[in-house]
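Start counting at 1 in the sequence shown, then tack on 6, and there's your number in our numbering. All C-beta atoms in this analysis are idealised placements derived from N, C-alpha and C, irrespective of residue type, glycine included. Here the structure comes first, spelled out in structure tokens, and everything after it is commentary.
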Amino acid sequence: MSADTKFERTIITGALPYANGHIHLGHIAGAYLPADIFARFKRLCGHPMLYICGSDEYGVPITLTALKEGISPQEVIDRYHAANDESFARLGISFDLYGRTSWPIHTETTQTFFLNLYRGGHIEKREMELWYSEQSDRFLPDRYVKGTCPKCGFEEATGDECENCGAQYSANDLIAPRANIPGDSSTPILKKTVHWFLRLQDFTGELRTWLEGHPEWRANVKGIAYSWVDDLRARCITRDTDWGVPIPLDDADAAGKRFYVWFDNAIGYVTNTRQYYRDRGEPDGWERWWKDPASRLIHFIGKDNVPFHAVMFPTYLMGQGDYILADNVVGNEYLNILNRETGKTEKGSKSKGNMISVRWFTSKFSTDAIRYYICAIMPESRDAAFDWDEFFNRYNGELSNVVGNFIHRSLTMTVKNFAGQVPGPGPFDDDDRAMLAAIPEQLDGIAEALENFRFRQALERFIDLGRKANVYFDGKQPWVTRKTDPERTATTLYVCCQVVRALCTAMAPFVPDGARRLAGILGVSLPEGGPEGGEDGWNAGRDGLPAGAPLQEPEVLFPKLDKDYIAECADAHMRGEAF
Numbered sequence: 007m008s009a010d011t012k013f014e015r016t017i018i019t020g021a022l023p024y025a026n027g028h029i030h031l032g033h034i035a036g037a038y039l040p041a042d043i044f045a046r047f048k049r050l051c052g053h054p055m056l057y058i059c060g061s062d063e064y065g066v067p068i069t070l071t072a073l074k075e076g077i078s079p080q081e082v083i084d085r086y087h088a089a090n091d092e093s094f095a096r097l098g099i100s101f102d103l104y105g106r107t108s109w110p111i112h113t114e115t116t117q118t119f120f121l122n123l124y125r126g127g128h129i130e131k132r133e134m135e136l137w138y139s140e141q142s143d144r145f146l147p148d149r150y151v152k153g154t155c156p157k158c159g160f161e162e163a164t165g166d167e168c169e170n171c172g173a174q175y176s177a178n179d180l181i182a183p184r185a186n187i188p189g190d191s192s193t194p195i196l197k198k199t200v201h202w203f204l205r206l207q208d209f210t211g212e213l214r215t216w217l218e219g220h221p222e223w224r225a226n227v228k229g230i231a232y233s234w235v236d237d238l239r240a241r242c243i244t245r246d247t248d249w250g251v252p253i254p255l256d257d258a259d260a261a262g263k264r265f266y267v268w269f270d271n272a273i274g275y276v277t278n279t280r281q282y283y284r285d286r287g288e289p290d291g292w293e294r295w296w297k298d299p300a301s302r303l304i305h306f307i308g309k310d311n312v313p314f315h316a317v318m319f320p321t322y323l324m325g326q327g328d329y330i331l332a333d334n335v336v337g338n339e340y341l342n343i344l345n346r347e348t349g350k351t352e353k354g355s356k357s358k359g360n361m362i363s364v365r366w367f368t369s370k371f372s373t374d375a376i377r378y379y380i381c382a383i384m385p386e387s388r389d390a391a392f393d394w395d396e397f398f399n400r401y402n403g404e405l406s407n408v409v410g411n412f413i414h415r416s417l418t419m420t421v422k423n424f425a426g427q428v429p430g431p432g433p434f435d436d437d438d439r440a441m442l443a444a445i446p447e448q449l450d451g452i453a454e455a456l457e458n459f460r461f462r463q464a465l466e467r468f469i470d471l472g473r474k475a476n477v478y479f480d481g482k483q484p485w486v487t488r489k490t491d492p493e494r495t496a497t498t499l500y501v502c503c504q505v506v507r508a509l510c511t512a513m514a515p516f517v518p519d520g521a522r523r524l525a526g527i528l529g530v531s532l533p534e535g536g537p538e539g540g541e542d543g544w545n546a547g548r549d550g551l552p553a554g555a556p557l558q559e560p561e562v563l564f565p566k567l568d569k570d571y572i573a574e575c576a577d578a579h580m581r582g583e584a585f
């Protein structure tokens with residue numbers, strides 16, 4: 007039974023990426039590919055759903071990039087919003103809307119969220135000490151200051167977080183601080199200022215009840231969430247900057263301050279749903295997704311975003327009074343990089359030059375090849391590593407050899423020997439019946455894995471159907487029987503055509519380009535549904551192809567990768583050219 011049978015619709019979100027750099031494979035493996043696979047599956051099932059994402063365009067990283075490049079923050083976000091929107095499209099990430107937090111509607115939405123929390127007594131103003139540069143005459147939020155991590159001794163830690171060990175700490179705990187602004191590396195002083203805090207502790211009971219109601223969540227998400235809930239305290243939600251959503255209070259202290267990006271960015275999911283329906287002339291249409299208990303909300307994120315989606319954003323929603331909460335927060339681990347020279351796994355980093363951007367990778371390889379391999383190694387329960395040799399072997403050995411080869415030789419022989427039509431079968435023997443029975447079993451298994459967010463297992467079950475089909479094909483030897491037993495050959499190829507039809511459906515969430523081309527050859531449709539739902543195209547995969555159905559000339563769906571070309575790309579990657 008589908009996990010969402012009690013829901014009328016599903017809203018799927020992918021964590022909003024910062025618009026201060028190009029998206030890379032770590033982002034894709036962490037959030038956007040699993041979300042897209044799930045979204046495509048639900049659309050194909052005819053289930054009403056929306057896949058919402060967008061650029062996160064406020065915050066210190068953007069203003070810091072602007073300062074370093076001598077341009078405005080708006081120019082930074084315009085550049086990277088467009089670039090990342092294009093990269094997502096090239097990888098087949100099928101957002102229903104890829105929005106922007108710089109839209110006026112986002113300011114309106116964020117301020118409404120804040121005021122509801124404020125009026126509910128969940129916001130307080132506090133005096134605090136922050137690092138201040140006398141040279142630049144400004145407070146130094148987050149990445150505007152660097153120093154030595156008080157936990158691990160890393161000397162390039164930022165104001166409140168260490169990239170090396172992941173520790174978070176109070177800004178005044180940073181050791182040997184220095185300003186991190188172009189033209190200013192002075193030693194800052196601690197100076198008093200005021201900021202607004204969200205009283206997270208007010209929601210401890212509701213958060214715990216909500217978390218306890220979802221024992222099926224991944225262990226990493228639950229572990230991180232409970233570690234926060236066990237020690238909730240007020241958290242600062244404003245920063246000293248003029249870039250971001252203004253604080254909607256008649257208070258002189260609000261001048262020169264904006265909401266901290268981790269307060270406003272997740273609210274972007276609501277913003278972008280509102281914009282989606284505003285664009286369609288139904289300004290209140292978003293409410294049935296966010297305020298109706300019959301709606302299901304699922305967040306797809308990397309594990310570094312767990313606190314903000316399993317603790318903080320839920321409190322914002324609770325403070326509104328009438329919003330639904332997430333039914334699942336699907337958090338993946340990290341995608342690292344295997345260094346071909348040392349044989350060691352490294353954390354992907356732009357500064358190290360070992361990260362692979364989506365724009366570079368999609369210029370070298372097909373969308374299907376990339377999506378297949380990233381899904382095959384998806385870091386669902388532990389960190390994974392991108393390995394060029396494994397990329398070559400997994401794609402060629404599985405998608406190309408097992409699935410692609412079976413489809414091509416089955417259809418080629420059918421078109422050639424049966425006038426371009428699915429042949430009528432003769433009597434079925436035990437092998438035929440077993441192969442036909444495997445089709446619904448495998449489709450059900452793939453669906454079950456997808457419904458439970460086990461994407462690697464779903465992909466393995468898809469490939470396993472291809473393996474079973476190859477064993478069947480080789481055992482029946484239609485290239486031999488076509489000369490001696492035409493009826494036997496017709497039966498064999500009829501059964502093979504039924505498998506090909508099922509494979510077309512099964513591959514659609516994972517490798518949509520290949521599925522679309524195969525659907526054209528078979529003359530079938532792969533419904534793409536949407537917010538209003540539609541035809542059930544998933545179960546249509548088990549209905550098969552009737553005898554006499556016309557077939558087009560087959561094509562090679564998944565051309566093999568060349569080993570020398572892989573080596574060239576791997577060398578370019580090692581030279582730091584893959585970003």
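- Contact between residue 556 and residue 426 holds: CB atoms are separated by about 6 Å, below the 8 Å threshold.
- Cβ neighbours of residue 576 within its own chain (closer than 8 Å, five residues either side excluded): 346, 394.
- Spanning the alpha carbons of residue 455 and residue 462 requires a straight line of approximately 8 Å.
- A direct Cα-Cα distance of roughly 33 Å separates residue 546 from residue 331.
- In the three-state reduction of the DSSP assignment, residue 571 falls in the helix class.
- Going by DSSP, residue 97 is part of no beta strand (DSSP E) at all; its letter is neither H nor E.
- Secondary structure at residue 502: helix, using DSSP grouped into helix, strand and coil.
- Annotation: the continuous beta strand (DSSP E) that includes residue 337 extends over 334–338.
- A Cβ-Cβ contact shorter than 8 Å links residue 249 with residue 68.
- One alpha carbon belongs to residue 340, the other to residue 390, and they sit about 6 Å apart.
- 532 is the residue among 324, 532, 536, 298 whose C-alpha sits nearest the C-alpha of residue 548.
- Excluding the 5 residues flanking it on each side, residue 213 has same chain C-beta neighbours closer than 6 Å at 235, in chain order.
- In the DSSP assignment, residue 323 falls within the unbroken alpha helix (DSSP H) covering 319–324.
- A distance below 6 Å between beta-carbons, with the five flanking residues on each side excluded, links residue 582 to the following residues of its chain, in chain order: 359.
- When DSSP reads this structure, residue 60 sits in a beta bridge with 105.
- If you look at residue 518, you'll find it isn't in any beta strand (DSSP E); it sits in the alpha helix (DSSP H) that goes 518–528.
- Close CB contacts of residue 336 within its chain, under the 6 Å cut and outside five residues either way in sequence, are with 306, 459 (chain order).
- Cβ-Cβ distances below 7 Å link residue 147 to 66, 165, 245, 246, 247 in the same chain, with the five nearest sequence neighbours on each side left out; the list follows chain order.
- Look at residue 204 here: in three-state DSSP terms it is strand.
- Within the same chain, and ignoring the five residues on either side of residue 189 in sequence, no residue has its Cβ closer than 6 Å to its Cβ.
- Counting the other CB atoms within 10 Å of its CB gives residue 42 a total of 16 or more, which places it among the buried residues.
- Close CB contacts of residue 59 within its chain, under the 7 Å cut and outside five residues either way in sequence, are with 19, 20, 22, 101, 104 (chain order).
- In this structure, the straight-line span from the alpha carbon of residue 158 to that of residue 173 is close to 8 Å.
- Rounded to the nearest whole angstrom, the C-alpha separation of residue 348 and residue 354 is 15 Å.
- The three-state reading of DSSP puts residue 50 in helix, counting H, G and I together.
- In the DSSP assignment, residue 357 falls outside any beta strand (DSSP E) and carries neither an H nor an E.
- Each residue's CA atom was taken as its position, placing residue 485 and residue 464 some 32 Å apart.
- Taking the Cβ atoms as the reference, residue 410 lies roughly 4 Å from residue 564, within the contact range of under 8 Å.
- For the 8 Å CB-CB criterion, residue 333 and residue 376 do not form a contact.
- Distance from the CA atom of residue 279 to the CA atom of residue 63, rounded to whole angstroms, is 17 Å.
- Here the segment 220–234 makes no contact with the segment 47–57; the two share fewer than three CB pairs at distances below 8 Å.
- Per DSSP, reduced to three states, the secondary structure at residue 390 is strand.
- Cβ neighbours of residue 452 within its own chain (closer than 7 Å, five residues either side excluded): 464, 467, 468, 512.
- When the alpha-carbon of residue 28 is set against those of 367, 487, 11, the nearest one is in 367.
- If you keep only unbroken alpha helix (DSSP H) runs of at least 4 residues inside the segment 251–324, you get 267–270, 274–285, 293–296, 319–324.
- Rounded to the nearest angstrom, the gap between the Cα atoms of residue 17 and residue 300 is 11 Å.
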